[in-house]
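A short worksheet on the structure shown next.
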Amino acid sequence: GIIESHKAKLDPSNPRDIIDKYLLEMDKKSEIASFFSELDLTRTLLDLFAAGFDTTSNMLRWICLYMAAYPDVQKNVQKEIDDAVPRDRLPSQQEKSQLQYLESVIHEVLRISSVIPISLSHCVTKDIELGGYVLPKGMILQGCSVTSHEDPSYWQNPENFNPDRFLDESGKFVSQKEGFFPFGIGRRQCLGESLARMELFIFSAALLQNFSFSPPTSKQIDLSPQNIPFSLFPKYQDIVITIRK
11 GIIESHKAKL DPSNPRDIID KYLLEMDKKS EIASFFSELD LTRTLLDLFA AGFDTTSNML
71 RWICLYMAAY PDVQKNVQKE IDDAVPRDRL PSQQEKSQLQ YLESVIHEVL RISSVIPISL
131 SHCVTKDIEL GGYVLPKGMI LQGCSVTSHE DPSYWQNPEN FNPDRFLDES GKFVSQKEGF
191 FPFGIGRRQC LGESLARMEL FIFSAALLQN FSFSPPTSKQ IDLSPQNIPF SLFPKYQDIV
251 ITIRK
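Its first residue numbered 11, the sequence shown is counted upward by one per residue in our numbering.
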């Protein structure tokens, strides 16, 4: 496996990545009690893969499916990209301020899909009353983004896919903070949020600059999630991908 491969080629004077650094730390702590173990290294790598790849890739799948299901929204995004970015190069972060509608589309997909609906655990540090309920010290709490993202007190017609809800009257992107926490809430929210947002923007812009997405003939896009515990990933299905000319 990858850990055994790193052990065989480990050079203490030139660690290559997090696995090498972890293995070196394990060697330092071998004679005393330590949290550094091969089992924890395996768990850490699984966490990095699941949080750093799985969720972002499934969000991109959701974006492609929503574009296929809402062709008018897709056309508006593509026009915005075409106006801002020359076709002889890919979009970059520098165009972010010009791609306001794309930003609103990404945020609306984040809201309506709620890929990871349950956030990391928090612990109540002291007895407190909240909304008529007494929360005792030591109680474990978890945020549930999907209930907030579907709450009509925060969102008008929350069941509808509507990127315009993230635009002001002048068409500028406005991130609604209240009731919107796709990356968790509080001090234990997703550490990779800024990286994930950058990846979603760059990949979405590049995909929609070069391709159009549509449902197969006589079929509709299924926007209901898979039946998987603790995640709302899109169902596997066929879509038509057409190269834009």
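From the three backbone atoms N, C-alpha and C, an ideal C-beta is built for every residue, glycine too. Since the model is a prediction, treat every value here as computed from it, not as a measurement.
Roughly how many angstroms separate the alpha carbons of residue i and residue j, rounded to a whole number?
i, j, result
"Asn24", "Phe63", "27 Å"
"Gln230", "Leu210", "25 Å"
"Pro101", "Pro226", "28 Å"
"Ile116", "Arg197", "23 Å"
"Ile253", "Gly181", "28 Å"
"Asn170", "Ile126", "19 Å"
"Phe45", "Ile28", "16 Å"
"Gln88", "Gly142", "48 Å"
"Ile13", "Tyr80", "44 Å"
"Trp165", "Gly11", "47 Å"
"Pro146", "Ile128", "21 Å"
"Val184", "Leu33", "45 Å"
"Ser163", "Lys136", "29 Å"
"Asp98", "Ile150", "52 Å"
"Gln152", "Ala18", "41 Å"
"Asp174", "Asn167", "12 Å"
"Phe59", "Arg53", "10 Å"
"Asp57", "Met36", "19 Å"
When the Cα of residue i is compared with those of the options, which residue comes out closest?
i, options, result
"Ile138", "Val87, Leu33, Gly148, Ser129", "Gly148"
"Leu217", "Ser228, Gly189, Leu112, Glu188", "Leu112"
"Ala78", "Arg197, Ser222, Pro235, Phe213", "Ser222"
"Met69", "Lys255, Asn237, Gln247, Ser214", "Ser214"
"Thr66", "Leu20, Glu203, Gly11", "Glu203"
"Ala94", "Gln110, Leu56, Trp165, Gly11", "Gln110"
"Lys255", "Ser224, Asn220, Leu233", "Asn220"
"Phe176", "Gln186, Arg53, Asn167", "Gln186"
"Ile73", "Leu205, Cys200, Ser114", "Ser114"
According to DSSP, is residue i helix, strand or coil?
i, result
"Glu160", "coil"
"Thr252", "strand"
"Phe223", "strand"
"Pro173", "helix"
"Glu90", "helix"
"Ser124", "coil"
"Ile138", "strand"
"Tyr143", "strand"
"Gly153", "strand"
"Lys204", "The displayed chain sequence assigns Ser, not Lys, to residue 204. Three-state DSSP puts Ser204 in a helix."
"Ser214", "helix"
"Ser241", "strand"
"Phe183", "strand"
"Trp165", "coil"
Considering just the uninterrupted stretch of the beta strand (DSSP E) at residue i, what are its terminal residues?
i, result
"Ser129", "128 to 133"
"Tyr80", "Run containing Tyr80: none; DSSP gives neither H nor E here."
Quick check on the DSSP output: the alpha helix (DSSP H) that includes residue i runs from which residue to which?
i, result
"Ile231", "From DSSP, Ile231 is part of no alpha helix (DSSP H); its letter is neither H nor E."
"Phe59", "48 to 59"
"Lys38", "28 to 38"
- [ ] Take every Cβ of the region 101 to 109, pair it with every Cβ of the region 153 to 168, and state whether three or more of those distances are shorter than 8 Å.
- [x] no
Open item on the list: Is it the case that the region 234 to 245 contacts the region 206 to 224, given that we only count it when at least three CB pairs across the two stretches are under 8 Å?
Closed with: no
Open item on the list: Across the region 112 to 124 and the region 188 to 197, are there enough close Cβ pairs to call them in contact, namely three or more that are closer than 8 Å?
Closed with: yes
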